[in-house]
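Enquirer:
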Amino acid sequence: MLVALLSSQYARFTTLAQAWLSSGATSFGVYQQGRPLAYWPIGQKLAQPSLTVPIQVGSEVVGDVRVSGVHGQQHEARLRADADMIAYMVALENELQGMTAELVTSQDQQLSLYRLMQTMRSHVTIEETLQALVHEALRMVKIQSCFALFVAPDRDPLFVQHPTTTINEELAWRCYWHAQTMERELLLPNPDDTAWASLPVESLLFVPIHVRGTMMAGLGLVNRQGGEFFAVDLKLARAIADQVSAQIEKVLLYQESYDQAKLRTEMELARRVQLDLLPRHVPQVPGLDIYAHSRPAYQVGGDFFDFISEQGRPFIFSVGDVTGKGLSAALLMTMTRSALHSKALFIPDPNPEIVMRQSHEDLYHDFTQVGVFATAFVGQYERATQRLIYANAGHSPVIYRPRDGAPLLLRADSTAIGVFAVSHSKNQTIQMRQGDLLIVATDGFSDARNHSDETFDHERLLYMADRLVQKSAQEIGQALFDAVDRFSSGRPQDDDQTLVVIKGM
Amino acid sequence: MNFETRFSNNIAILALAGRFDTNTAPPVAAWLEKATTTPPAQVVVNLAQTTFVDSTALATLVQALKRSRQGQGDVHLCGLQRSVYMIFELTRLDKAFNIFVDEDHAIAAFTE
Chain A
17 MLVALLSSQY
27 ARFTTLAQAW
37 LSSGATSFGV
47 YQQGRPLAYW
57 PIGQKLAQPS
67 LTVPIQVGSE
77 VVGDVRVSGV
87 HGQQHEARLR
97 ADADMIAYMV
107 ALENELQGMT
117 AELVTSQDQQ
127 LSLYRLMQTM
137 RSHVTIEETL
147 QALVHEALRM
157 VKIQSCFALF
167 VAPDRDPLFV
177 QHPTTTINEE
187 LAWRCYWHAQ
197 TMERELLLPN
207 PDDTAWASLP
217 VESLLFVPIH
227 VRGTMMAGLG
237 LVNRQGGEFF
247 AVDLKLARAI
257 ADQVSAQIEK
267 VLLYQESYDQ
277 AKLRTEMELA
287 RRVQLDLLPR
297 HVPQVPGLDI
307 YAHSRPAYQV
317 GGDFFDFISE
327 QGRPFIFSVG
337 DVTGKGLSAA
347 LLMTMTRSAL
357 HSKALFIPDP
367 NPEIVMRQSH
377 EDLYHDFTQV
387 GVFATAFVGQ
397 YERATQRLIY
407 ANAGHSPVIY
417 RPRDGAPLLL
427 RADSTAIGVF
437 AVSHSKNQTI
447 QMRQGDLLIV
457 ATDGFSDARN
467 HSDETFDHER
477 LLYMADRLVQ
487 KSAQEIGQAL
497 FDAVDRFSSG
507 RPQDDDQTLV
517 VIKGM
Chain B
306 MNFETRFSNN
316 IAILALAGRF
326 DTNTAPPVAA
336 WLEKATTTPP
346 AQVVVNLAQT
356 TFVDSTALAT
366 LVQALKRSRQ
376 GQGDVHLCGL
386 QRSVYMIFEL
396 TRLDKAFNIF
406 VDEDHAIAAF
416 TE
């Protein structure tokens with residue numbers, strides 16, 4: 017300590033010595049443990065000191081000052097004042113050195129944290145980030161090993177450590193849940209906490225890592241070199257935790273946007289598959305004028321329509337609507353459409369009731385499992401009798417406008433597919449003579465809303481069916497879509513809108 | 306939509322006011338699921354103040370009905386406005402549910 021002060025303040029010591037020499041002293045020296053550190057006049061033989069005063073910093077004597085050739089209380093008091101001054105300067109020098117050391121440590125840590133941030137920046141998964149964390153933390157803190165944990169909803173929990181076999185995973189998770197419950201760091205050993213008495217490690221520091229406001233991860237430092245962890249270690253561990261928190265947040269954000277992009281691609285694919293399932297052309301059925309169109313509210317939808325028009329088989333069509341929206345509804349829609357389609361196509365001598373009942377049997381169990389149902393309308397045209405036979409499982413709205421009568425809303429003959437274990441579908445018959453009109457829509461029409469929160473409702477559909485009855489199926493369909501668009505006047509479509517218009521010719 | 310719930314002699318009563326649709330169904334579905342967890346679940350849904358139901362609302366009620374009947378319970382509906390009742394008629398759900406004119410009748414039917 018004294019040596020450092022002498023070398024940094026040598027000129028001042030020389031001034032002090034010269035002041036003594038000029039006032040009658042023959043020598044002035046600074047000593048440490050009996051050995052001279054500096055001596056004036058320079059190059060002269062050491063003289064026997066006449067006065068010696070210790071340099072005392074706090075309770076510690078760090079050296080002494082000696083003069084020769086002068087005596088008396090006055091000189092002794094002066095030498096004591098010099099010794100006090102030197103002691104004070106030694107204390108200041110100590111403090112300065114301490115601060116410098118702290119500054120250097122802090123700069124080193126900042127550099128390490130910067131390196132940690134740089135290292136982690138290139139990682140795109142949480143596991144990679146945690147691996148980088150434990151490796152870097154081991155370099156930054158004087159410890160034997162390091163581990164990190166991560167828990168988030170809908171993800172597998174992660175545990176990584178370096179070196180790999182130092183701590184058992186169970187202890188690591190115990191630290192995690194403890195920190196989460198207590199909402200603070202865990203510092204061991206802790207003589208006040210008997211729960212951790214038989215700790216298989218010498219010392220352990222666990223800091224929680226908060227991501228998006230909740231504890232989602234944690235960092236554990238094991239066996240500090242030289243004994244227990246100090247406040248400075250805790251400070252550094254917290255700084256590391258903050259850095260990692262920001263990085264995990266970035267990784268999550270990246271993964272979410274990646275997942276979203278992936279989902280968009282998959283939705284687009286699903287949309288194309290779904291569009292391919294819808295008939296591209298309306299079949300030419302003698303005696304009928306047909307229009308059909310479906311407009312999903314989202315990229316994929318739960319509505320469908322289908323035609324089965326095969327040589328030697330009756331013309332059958334179906335319209336359906338699965339409850340719910342988006343991808344899940346789209347999946348169930350394809351199931352429903354496929355069940356109805358295959359029954360209509362392959363059952364010998366089919367009719368709507370049988371098609372509906374058998375499809376219901378196929379679908380009921382699966383629908384019950386996921387808690388949804390599907391409404392469906394199946395129609396079959398008999399040209400010879402100019403009749404349309406149908407079965408309606410909970411589907412609405414269906415409007416029949418006979419050429420010479422008022423428009424009617426047709427009630428379902430059974431509940432939707434998936435409601436009850438047994439289907440009560442029954443064939444119903446309406447006439448389909450020249451001019452008779454059947455409109456099978458989905459509730460995306462009747463439930464469409466305008467900006468005043470009014471619904472398009474059945475009344476408007478009935479009114480339009482009546483007004484448009486003289487038009488072709490195509491014109492009626494277009495007019496209905498135009499009308500619902502005008503009514504909604506730019507309000508986003510809430511639900512899929514599907515329309516099949518069949519008119520007798 | 307507002308929804309109020311209460312219990313009377315082990316019968317869970319739910320009163321819905323306003324539009325019962327995709328946007329408002331989730332909390333109702335959650336409540337009904339809870340109410341029908343322990344059999345025999347007896348639930349009355351009062352729709353007197355309900356102005357509109359869509360297919361999601363119907364699905365929500367049907368799910369509750371199926372769950373309660375699995376445990377020998379039931380869901381009784383009551384007070385349906387004309388426009389809402391028409392939806393039940395058109396979709397044939399008027400045959401699936403036991404529908405009553407008012408809450409007193411719906412509750413009484415459980416105790417008879």
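Sequence order for the protein chains is A and B.
In this text, residue positions in the first sequence follow my numbering: the first is 17, and each later residue adds one.
In this text, residue positions in the second sequence follow my numbering: the first is 306, and each later residue adds one.
Cβ atoms here follow ideal geometry from the backbone N, Cα and C, with glycine treated the same way.
1) By alpha-carbon positions, which one of A:Q402, A:A390, A:L67 and A:Q396 ends up nearest to H411 (chain A)?
2) For V267 (chain A), which of A:A422, A:S462, A:M17 and A:S138 has the nearest alpha-carbon?
3) Between the alpha carbons of R288 (chain A) and Y314 (chain A), how many angstroms are there, rounded?
4) Counting along the chain, where does the beta strand (DSSP E) carrying T355 (chain B) start and finish?
5) Helix, strand or coil: how does DSSP classify F246 (chain A) here?
6) For D359 (chain B), return the contacting residues in chain A, with the cut-off set at a CB-CB distance below 7 Å.
7) Taking only beta-carbon atoms, is G5 (chain A) less than 7 Å away from chain B?
8) Answer with buried or exposed for L496 (chain A), where buried requires no fewer than 16 other C-beta atoms within 10 angstroms of its C-beta.
9) Go through its chain and collect everything with a Cβ distance to H194 (chain A)'s Cβ below 7 Å, but skip five positions before and after it.
10) For a quick check, are the C-beta atoms of V260 (chain A) and V238 (chain A) less than 7 Å apart?
11) Cα-Cα, which of A:H467, A:I492 and A:F436 is closest to R397 (chain B)?
12) Could you tell me the alpha carbon to alpha carbon distance between P52 (chain A) and G45 (chain A), rounded to whole angstroms?
13) Check whether the segment 347-365 of chain A touches the segment 328-346 of chain B, taking contact to mean three or more Cβ pairs, one atom from each stretch, closer than 8 Å.
14) What does the Cβ neighbour count give for I58 (chain A), buried or exposed, with the cut at 16 atoms within 10 Å?
15) Tell me the DSSP secondary structure of S214 (chain A) in three-state form.
16) Please decide whether V435 (chain A) counts as near chain B, where near means a Cβ-Cβ distance under 7 Å.
17) Establish whether the CB of S122 (chain A) and some CB of chain B are separated by less than 7 Å.
18) Under 7 Å, Cβ to Cβ, is there at least one residue of chain A near A401 (chain B)?
19) If you count every other CB in all the chains shown that lies within 10 Å of the CB of T180 (chain A), and 16 or more means buried, which is it?
20) Throw me the rounded Cβ distance for the A481 (chain A) and P418 (chain A) pair, which I believe falls under 8 Å.
21) Out of B:H381, B:T416 and B:F415, state which residue places its alpha-carbon closest to the alpha-carbon of A353 (chain B).
22) What are the residues in the segment 351-377 of chain B lying within 8 Å of chain A by C-beta distance?
23) Which bits of chain A does R397 (chain B) rub up against, with CB to CB less than 9 Å?
24) By Cβ distance, which residues of its chain are closer than 6 Å to I318 (chain B), with the 5 residues on each side in sequence left out?
25) So, at 7 Å on beta carbons, what are the nonlocal neighbours of L95 (chain A) in its own chain, with the 5 sequence-adjacent residues on each side left out?
26) Could you list which residues in chain B have their beta carbon closer than 7 Å to that of D420 (chain A), in chain order?
27) Could you tell me which residues DSSP puts in a beta bridge with Y390 (chain B)?
28) Give me the chain B residues within the contact set of G395 (chain A), using Cβ-Cβ distance strictly less than 9 Å, ordered along the chain.
29) Counting Cβ pairs, one atom from each stretch, are 3 or more of them under 8 Å apart for the segment 359-369 of chain B and the segment 322-334 of chain B?
30) May I have the straight-line CA-CA distance separating T458 (chain A) from G236 (chain A), to the nearest angstrom?
31) At a CB-CB cut-off below 8 Å, which residues of chain A make contact with E309 (chain B)?
32) Less than 8 Å between the CB atoms is what I'm expecting for Y55 (chain A) and S43 (chain A), so what's the real figure, rounded?
33) Between the segment 330-341 of chain A and chain B, which residues of the former have a C-beta closer than 8 Å to a C-beta of the latter?
34) Mapping the DSSP letters down to three states, classify V266 (chain A) as helix, strand or coil.
35) Use the C-beta contact count for M198 (chain A): other C-beta atoms within 10 angstroms, 16 or more gives buried, fewer gives exposed.
36) Quick one: what does DSSP say A481 (chain A) is sitting in, helix, strand or coil?
Expert: Let me lay it out:
1) Locating residue 411 (chain A) in the first sequence gives position 395, where the first residue counts as 1. That would be A:A390, whose Cα lies nearest to the Cα of H411 (chain A).
2) As a working note, residue 267 (chain A) is residue 251 in the first sequence. Ranking A:A422, A:S462, A:M17 and A:S138 by Cα distance to V267 (chain A) puts A:S138 first.
3) Position 272 of the first sequence, counted from the start, is the residue given in the question as residue 288 (chain A). Position 298 of the first sequence, counted from the start, is the residue given in the question as residue 314 (chain A). Roughly 13 Å between the two C-alpha positions.
4) For the purposes of this step, residue 355 (chain B) is identified with residue 50 of the second sequence, where counting begins at 1. Q347 to V358 is the extent of the beta strand (DSSP E) around T355 (chain B).
5) One-based indexing of the first sequence puts residue 246 (chain A) at position 230. F246 (chain A) falls in the coil class under three-state DSSP.
6) By 1-based counting over the second sequence, the position of residue 359 (chain B) is 54. Per Cβ cutoff of 7 Å: D459 and D463.
7) Residue numbering for chain A in the displayed model covers 17 to 521; residue 5 (chain A) lies beyond these limits and cannot be assessed.
8) Looking up residue 496 (chain A) in the first sequence gives position 480. Buried, because 16 or more other Cβ atoms sit within 10 Å of the Cβ of L496 (chain A).
9) The sequence position of residue 194 (chain A) within the first sequence is 178, counting from 1. The answer, listed in chain order, is L202.
10) Sequence index remark: in the first sequence, residue 260 (chain A) carries index 244 (1-based). Sequence index remark: in the first sequence, residue 238 (chain A) carries index 222 (1-based). Cβ distance not < 7 Å, so V260 (chain A) and V238 (chain A) don't count as in contact.
11) Translated into the one-based positions of the second sequence, residue 397 (chain B) becomes position 92. Closest by alpha carbon: A:F436.
12) To locate residue 52 (chain A), count along the first sequence from 1; it is residue 36. To locate residue 45 (chain A), count along the first sequence from 1; it is residue 29. Rounded to whole angstroms, P52 (chain A) to G45 (chain A) spans 7 Å at the Cα level.
13) no
14) Counting from 1 along the first sequence, the entry for residue 58 (chain A) is found at position 42. Counting Cβ neighbours within 10 Å, I58 (chain A) comes out exposed, since fewer than 16 surround it.
15) Counting from 1 along the first sequence, the entry for residue 214 (chain A) is found at position 198. Coil, per DSSP.
16) The residue given as residue 435 (chain A) occupies position 419 in the first sequence. Closer than 7 Å to some Cβ of chain B, the Cβ of V435 (chain A) qualifies, so yes.
17) Locating residue 122 (chain A) in the first sequence gives position 106, counting from the first residue. So no, S122 (chain A) is outside the interface.
18) Locating residue 401 (chain B) in the second sequence gives position 96, where the first residue counts as 1. Yes, A401 (chain B) lies at the interface with chain A (some Cβ there is under 7 Å from its Cβ).
19) Position 164 of the first sequence, counted from the start, is the residue given in the question as residue 180 (chain A). It counts as exposed.
20) Residue mapping note: residue 481 (chain A) aligns to position 465 of the first sequence, counting from 1. Residue mapping note: residue 418 (chain A) aligns to position 402 of the first sequence, counting from 1. The Cβ separation is near 11 Å, so there is no contact.
21) One-based indexing of the second sequence puts residue 353 (chain B) at position 48. Among B:H381, B:T416 and B:F415, the Cα nearest to that of A353 (chain B) belongs to B:H381.
22) F357, D359, S360, T361, L363, A364, V367, Q368 and K371
23) Numbered from 1 along the second sequence, position 92 holds the residue referred to as residue 397 (chain B). In chain order: N408, A409, G410, R427, A428, D429, S430, T431, A432, V435 and H440.
24) As a working mapping, residue 318 (chain B) is identified with position 13 in the second sequence. Result list for I318 (chain B): R311 and V349, in chain order.
25) Your numbering for residue 95 (chain A) matches position 79 in the first sequence. The answer, listed in chain order, is L67, V69, V81 and V83.
26) Reading the first sequence from its first residue, position 404 is the one you call residue 420 (chain A). By Cβ distance, chain B contributes nothing, its closest Cβ being about 24 Å from D420 (chain A), past 7 Å.
27) Locating residue 390 (chain B) in the second sequence gives position 85, where the first residue counts as 1. Beta-bridge pairing links Y390 (chain B) to no other residue.
28) Residue mapping note: residue 395 (chain A) aligns to position 379 of the first sequence, counting from 1. Near G395 (chain A) there are no residues of chain B at all, since even the closest Cβ is about 17 Å away, more than 9 Å.
29) yes
30) Position 442 of the first sequence, counted from the start, is the residue given in the question as residue 458 (chain A). Position 220 of the first sequence, counted from the start, is the residue given in the question as residue 236 (chain A). Approximately 59 Å, taken between the alpha carbons.
31) On the second sequence, residue 309 (chain B) is found 4 positions in, with the first residue counted as 1. Result: empty, since nearest Cβ-Cβ is about 22 Å, beyond 8 Å.
32) In the first sequence, counting from the first residue as 1, residue 55 (chain A) sits at position 39. In the first sequence, counting from the first residue as 1, residue 43 (chain A) sits at position 27. With 8 Å as the limit, Y55 (chain A) and S43 (chain A) qualify as a contact, their Cβ atoms being about 7 Å apart.
33) D337, T339, G340 and K341
34) Taking the first residue of the first sequence as position 1, residue 266 (chain A) is located at position 250. The sequence shown places Lys at residue 266 (chain A), rather than the Val named in the question. Looking at K266 (chain A) - three-state DSSP - the assignment turns out to be helix.
35) By 1-based counting over the first sequence, the position of residue 198 (chain A) is 182. With fewer than 16 Cβ atoms within 10 Å of its Cβ, M198 (chain A) is classed as exposed.
36) Mapped onto the first sequence, residue 481 (chain A) falls at position 465. It is helical.
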